[in-house]
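Numbering (our numbering), first residue to last: 731 to 917. First up is the structure itself, then whatever we jot down about it.
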Amino acid sequence: MKLLIFALLPVFIYGQTLNKFQWSNCGSPAVDVYEVDITPMPIVQPGAIDLTFLSNFKRDMSGGLKTKLTITRTVSGLKLPIRCYLAAGVYVGSCSYDDLCKIVETLVPTFTPSTCPPTVAQFGIDCTCPFKITPGLIDIQEHFDVPAAESSIFSFLASGDFDVKIETQDNNGAFACVEIKFAVKPQ
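Laid out in structure tokens, this is it:
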């Protein structure tokens, strides 16, 4: 019995849900990222989150923001890569996108100029594509509603611990790379 408990100990230790949003810079030549935070952690869906994002953009963003997402879900200590797949006519998961803005526009119904939060619009994120972010300090603190994931194309995000690598480039080359870790649980 002691041997079984000892053998399963790593599963119990590593199977714990993250209780703090984590991020690291994996190479961002055009952006100095100072702070990224999401609370509460784990994210409860459906529910709401508070986002904090503080960074300094060193240059204009030129054209669409090409983005490569690599998503890994951890369940009971096992890391499971999330593949890129087609859901309701849109590719989701670990995919490469020609323009992140167009994907956000497609997936987030409230991403429209009439509903764009003024706190993000002042930084060139006016909920139109392409993003028009100019050099300078960006300090966003925003509250967002989180819809239920189970009945949407985001069902793979319904629960679990997630590691996401976000690599971006614009027409001028590499822009930013950030790795984030977060947890999601149902209400």
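Glycine included, each C-beta is placed from N, C-alpha and C at the ideal position.
* To do: Tell me the start and end of each unbroken beta strand (DSSP E) in the segment 785 to 864 that is at least 3 residues and wholly inside, in chain order.
  => 796 to 805, 808 to 812, 815 to 817 and 820 to 822
* Asked: Okay, do the segment 854 to 865 and the segment 801 to 818 touch, 3+ Cβ pairs below 8 Å being the bar?
  -> no
* How many Å lie between Tyr827 and Thr797 at the Cα? -> Start at 1 with the first residue of the sequence shown, and residue 827 comes out as number 97. Start at 1 with the first residue of the sequence shown, and residue 797 comes out as number 67. Using only the alpha carbons, I get a separation of about 5 Å.
* To do: Identify whether Phe912 lies in helix, strand or coil by the three-state DSSP scheme.
  => Within the sequence shown, residue 912 is the residue found at index 182, counting from 1. Three-state DSSP puts Phe912 in a strand.
* Asked: Going by beta carbon distance, what residues of the same chain come within less than 7 Å of Asp869, once the five residues before and after it are set aside?
  -> Here residue 869 corresponds to residue number 139 of the sequence shown, with the count starting at 1. Cβ neighbours of Asp869 beyond the five flanking positions: Leu784.
* Asked: So, Phe912 versus Pro772, is the Cβ gap smaller than 9 Å?
  -> Taking the sequence shown and counting its residues from 1, the one referred to as residue 912 is at position 182. Taking the sequence shown and counting its residues from 1, the one referred to as residue 772 is at position 42. Closer than 9 Å, so yes.
* So the beta strand (DSSP E) Ile896 belongs to, where does it begin and stop? -> If you number the sequence shown from 1, residue 896 lands on position 166. That run of the beta strand (DSSP E) goes Gly890 to Asp900.
* **For Phe905, the three-state DSSP class (helix, strand or coil)** => As a position in the sequence shown, residue 905 is number 175, starting the count at 1. The answer is strand: DSSP assigns Phe905 an E or B state.
* When you compare only the Cα positions, how much space is there between Leu795 and Leu808? -> Taking the sequence shown and counting its residues from 1, one reaches residue 795 at position 65. Taking the sequence shown and counting its residues from 1, one reaches residue 808 at position 78. C-alpha separation (whole angstroms): 32 Å.
* To do: Within the same chain, show all residues whose beta-carbon is closer than 7 Å to that of Met731, passing over the 5 residues directly before and after it, in chain order.
  => Translated into the one-based positions of the sequence shown, residue 731 becomes position 1. Note that Met731 has pLDDT 43, beneath the 50 cutoff, so the model's placement of it is unreliable and the number below is only indicative. Nothing meets the Cβ criterion.
* Quick one: is Arg803 buried, meaning 16 or more other Cβ sit within 10 Å of its Cβ, or exposed? -> Residue 803 sits at position 73 when you count from the first residue of the sequence shown. Arg803 comes out buried.
* To do: Grab the span of the beta strand (DSSP E) containing Ile768 for me, first residue to last.
  => Start at 1 with the first residue of the sequence shown, and residue 768 comes out as number 38. Per DSSP, Ile768 belongs to the beta strand (DSSP E) from Val761 to Thr769.
* Whose C-alpha, out of Gly823, Glu897, Tyr764 and Ile833, is nearest the C-alpha of Phe787? -> The sequence position of residue 787 within the sequence shown is 57, counting from 1. That would be Tyr764, whose Cα lies nearest to the Cα of Phe787.
* To do: Name the two residues that bound the continuous beta strand (DSSP E) containing Glu880.
  => Your numbering for residue 880 matches position 150 in the sequence shown. Run containing Glu880: none; DSSP gives neither H nor E here.
* Asked: Skipping 5 residues on each side, what residues in its chain have a beta carbon closer than 6 Å to that of Lys862?
  -> Here residue 862 is taken as the residue at index 132 of the sequence shown, counted from 1. Gly854, listed in sequence order.
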